[in-house]
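Data block below; observations after.
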């Protein structure tokens, strides 16, 4: 497979990567994993989906891909280095950590506090629709096989992370809980998407407030992905605790609930945004 280059492709340079993240919400670092390491990581990837380990948080069928599987594990658990040494070292990597620290500075971070392994098989529908994440994060993403549109290449709309920031912030200020943020984007609003066709071992880093989706895995194809999630420390999460700041925002004491159009733009019926919360609008 010929290596792809994008406007946001860069070398293993922290300043260049963070600049791309600010401008585009995404950056691509080619050839981050060597061929020798890739073979070992693929072996551990297969184990992490089915083998027992105290470092594994969950293992299950893929919720959006009928024949696929997914697992979530902690690279910081005491058993992680013993059971999955190559994957653990990858997601503890100092270069990744410095990028995350620079992106969120001066705020502290929970660096790759969870890592997901997903193995997707052929299906007739996209792995996920266009969306931004309700929970704020940046993600460190690796394909473990060369990946094109044929096997479900990830798609991203560069620079939409700014819109995602403000969409999420608006809904939270209006008294919406994190779990209730409308985040499945009306597809008619998607502009200039980029399909990330990358070689196995390339590194992709993206702000999950940008609009993104998984592709469609074609017959006789597969997609293997490892991704680590890094969050700002003390971010607001699902299910606000009683009397927390988020709890008060959701209460009747939030003045934005009573001010009508004084705290929002006015839109006519024919131009309303049809972005949905997926969990509340299942087909």
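Residue numbers (the numbering used here): 5 to 287. All C-beta atoms in this analysis are idealised placements derived from N, C-alpha and C, irrespective of residue type, glycine included.
Reduced DSSP secondary structure (H/G/I, E/B, other) of residue i
{"i": "residue 36", "result": "coil"}
{"i": "residue 15", "result": "coil"}
{"i": "residue 192", "result": "helix"}
{"i": "residue 270", "result": "coil"}
{"i": "residue 287", "result": "Note on residue 287: pLDDT 39, under 50, position unreliable in the model; the coordinate value appears next. Reduced to three states, the DSSP call for residue 287 is coil."}
{"i": "residue 232", "result": "strand"}
{"i": "residue 202", "result": "strand"}
{"i": "residue 28", "result": "helix"}
{"i": "residue 219", "result": "coil"}
{"i": "residue 23", "result": "helix"}
{"i": "residue 101", "result": "helix"}
Check whether residue i and residue j have beta carbons under 9 Å apart
{"i": "residue 179", "j": "residue 101", "result": "no"}
{"i": "residue 18", "j": "residue 211", "result": "no"}
{"i": "residue 144", "j": "residue 232", "result": "yes"}
{"i": "residue 128", "j": "residue 217", "result": "no"}
{"i": "residue 77", "j": "residue 61", "result": "yes"}
{"i": "residue 201", "j": "residue 151", "result": "yes"}
{"i": "residue 12", "j": "residue 134", "result": "no"}
{"i": "residue 171", "j": "residue 136", "result": "yes"}
{"i": "residue 153", "j": "residue 250", "result": "no"}
{"i": "residue 221", "j": "residue 126", "result": "yes"}
{"i": "residue 229", "j": "residue 105", "result": "no"}
{"i": "residue 138", "j": "residue 185", "result": "yes"}
{"i": "residue 94", "j": "residue 37", "result": "yes"}
{"i": "residue 27", "j": "residue 163", "result": "yes"}
{"i": "residue 227", "j": "residue 122", "result": "yes"}
Whole-Å CB distance - residue i paired with residue j, under 8 Å assumed
{"i": "residue 82", "j": "residue 187", "result": "Their Cβ separation, rounded to whole angstroms, is 35 Å, which puts residue 82 and residue 187 out of contact at 8 Å."}
{"i": "residue 49", "j": "residue 148", "result": "6 Å"}
Cutoff 9 Å: residue i Cβ touching any chain C Cβ
{"i": "residue 103", "result": "The displayed structure is made up of one protein chain only, and chain C is not part of it."}
Residues bridged to residue i (per DSSP)
{"i": "residue 280", "result": "188"}
{"i": "residue 175", "result": "Partner(s): none; residue 175 has no beta bridge."}
{"i": "residue 211", "result": "142"}
{"i": "residue 227", "result": "124"}
Can you list, in chain order, the stretches of the alpha helix (DSSP H) that have 4 or more residues and sit fully within the stretch 37-98?
-> 39-54, 84-87, 89-95
What residue ranges within the stretch 105-169 form continuous beta strand (DSSP E) runs of no fewer than 3 residues, ordered along the chain?
-> 113-124, 132-135, 142-147
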